[in-house]
């Protein structure tokens, strides 16, 4: 689709050369019978250059290519109207270019919103060392997990960044998996996360989404084409708790957070322990399960699937499929998530960790 749009922009741009050539009598243009003055002919040439430059910016993934595209489209349409009888079909090309330009514009401002949110999260993070709490104070199975993960005598990072490739199902009736890419920021020293995802259910309907937890408040925003909200909910009891439960489950990517002052542990048996996190008045609880060697195996909790009044909690499970050592920390790199619904188990997520990076300041 990208190659097709680039080709369209270039061809549409080059067609504008006809107005320039006509104005300066450099070629006989039979399809243009209207008189075109030399100043207007120069404008046709400028529009051609604008479209070519737009194609170059789009090809190189310059994130504000859409701005130049919109300028070129406006000028182009003015020129087309001036010779409407001969050039009216150029309007269709302008519309075909305008549509992805508007989507790119909306996505740009969505990304800017996320960047601002992440800046706020980073600003409140700080660094502690694990000496504030001893590993030996934790349940034996959690001690084994930390040791197995390589956490001994390391600091708790103040930032964790995870890049993910996903396969998702958006509702229970969906049969096909939707591919997606996501980035996620965590601040373990002051529990918070911001997750941004981009999905393409098809070539023409991209979806962007953001899920977050910050200072006791959760929020979920999903937009079709970057413009039309599908889900927009924030700061109610259900979303706050659900977001903090998600954070708790995902400390499997930065097990140092098990030593956080905000998390308390209760041993259940030799393979599991219950964790409870208190933060800004929001409380979340879940059970961590481990295999015989101390590897993280699963996280289970009763979690709100919906956020409306009357919605009840449903068992939610995140399971590890594969582990790898990244930056000296062993973490699950393939995971799956499912809801245990009254109609049966519904697996809605398959996740592959592409990278994990830790920042210590």
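Numbering (my numbering), first residue to last: 215 to 575. Glycine included, C-beta positions come from ideal geometry on N, C-alpha and C. Quick caveat: nothing in here was measured; it's all calculated off a predicted structure.
**Q.** Cβ neighbours of residue 561 in the same chain (closer than 7 Å, five flanking residues each side left out)
**A.** Within the same chain, Cβ atoms closer than 7 Å to the Cβ of residue 561 are found at 550, 552, the five residues on either side in sequence being excluded.
Q) In the structure shown, what three-state DSSP assignment does residue 448 receive? A) strand
Q) Among 266, 320, 314, which residue has its Cα nearest to the Cα of residue 442? A) 320
**Q.** Limits of the alpha helix (DSSP H) - the one that residue 492 falls within
**A.** Per DSSP, residue 492 belongs to no alpha helix (DSSP H); it is in the beta strand (DSSP E), 486-493.
Q. Around the Cβ of residue 433, are there at least 16 other Cβ atoms within 10 angstroms (buried) or fewer (exposed)?
A. buried
Q.
Can you look up residue 255 in the DSSP assignment and give me helix, strand or coil?
A. helix
**Q.** Three-pair Cβ contact test at 8 Å for the stretch 482-490 versus the stretch 522-533
**A.** No: the two stretches stay apart, fewer than three of their Cβ pairs being nearer than 8 Å.
Q: Could you tell me whether the stretch 354-373 touches the stretch 468-483, where touching means 3 or more Cβ pairs closer than 8 Å?
A: yes
Q.
For residue 565, list the residues DSSP reports as bridge partners.
A. For residue 565, DSSP records a beta bridge to 380, 549.
Q: Run through the stretch 412-472 for me and flag every whole beta strand (DSSP E) of 3 or more residues, listed as ranges in chain order.
A: 421-428, 431-438, 442-448
Q: Please work out which residues of its chain come closer than 8 Å, Cβ to Cβ, to residue 285, disregarding the five sequence neighbours upstream and downstream, and give them in chain order.
A: These residues qualify, in order along the chain: 264.
(Q) Check this for me: beta carbons of residue 546 and residue 502, under 8 Å apart or not? (A) no
Q. In this structure, what does DSSP give as the bridge partners for residue 573?
A. 373
Q) Below 8 Å, can you find three or more Cβ-Cβ pairs linking the stretch 374-390 to the stretch 555-575? A) Short answer: they touch.
Q. Which word fits residue 556, buried or exposed, when buried means at least 16 other C-beta atoms lie within 10 angstroms of its C-beta?
A. Burial state of residue 556 is exposed, judged by a 10 Å Cβ sphere holding fewer than 16 other Cβ atoms.
Q | Run of the beta strand (DSSP E) containing residue 398, from where it starts to where it stops | A | 392-400
Q | Secondary structure of residue 544, DSSP reduced to three states | A | strand
Q | Spatial neighbours of residue 576 in its chain, beta-carbon cut-off 6 Å, leaving aside the 5 residues before and after | A | The requested residue 576 does not occur in the structure, where the chain is confined to residues 215 to 575.
Q: Could you tell me which residues DSSP pairs with residue 537 in its beta bridges?
A: 546
Q: Mind checking who residue 516 pairs with in its DSSP beta bridge?
A: 529
Q: Using the DSSP secondary-structure output, state which residues sit across from residue 500 in a beta bridge.
A: 489
Q: Return yes when the Cβ of residue 428 is within less than 8 Å of the Cβ of residue 335, no when it is not.
A: yes
Q.
At the level of alpha carbons, what is the spacing between residue 516 and residue 290?
A. 57 Å
Q) Going by beta carbon distance, what residues of the same chain come within less than 6 Å of residue 449, once the five residues before and after it are set aside? A) 431
Q: Below 8 Å on the Cβ atoms is my guess for residue 232 versus residue 243; work out the distance and round it to an integer in Å.
A: 5 Å
Q.
Please classify residue 497 as buried or exposed, where buried requires at least 16 neighbouring CB atoms within 10 angstroms.
A. Result: exposed.
Q: With distances taken Cα to Cα, identify the nearest neighbour of residue 514 among 399, 489, 479, 218.
A: Nearest to residue 514 by C-alpha distance, out of 399, 489, 479, 218, is 489.
Q: For residue 435, I'd like the list of residues in its chain whose CB is within less than 6 Å of its CB, leaving aside the five on either flank, ordered along the chain.
A: Hits under 6 Å: 424, 446.
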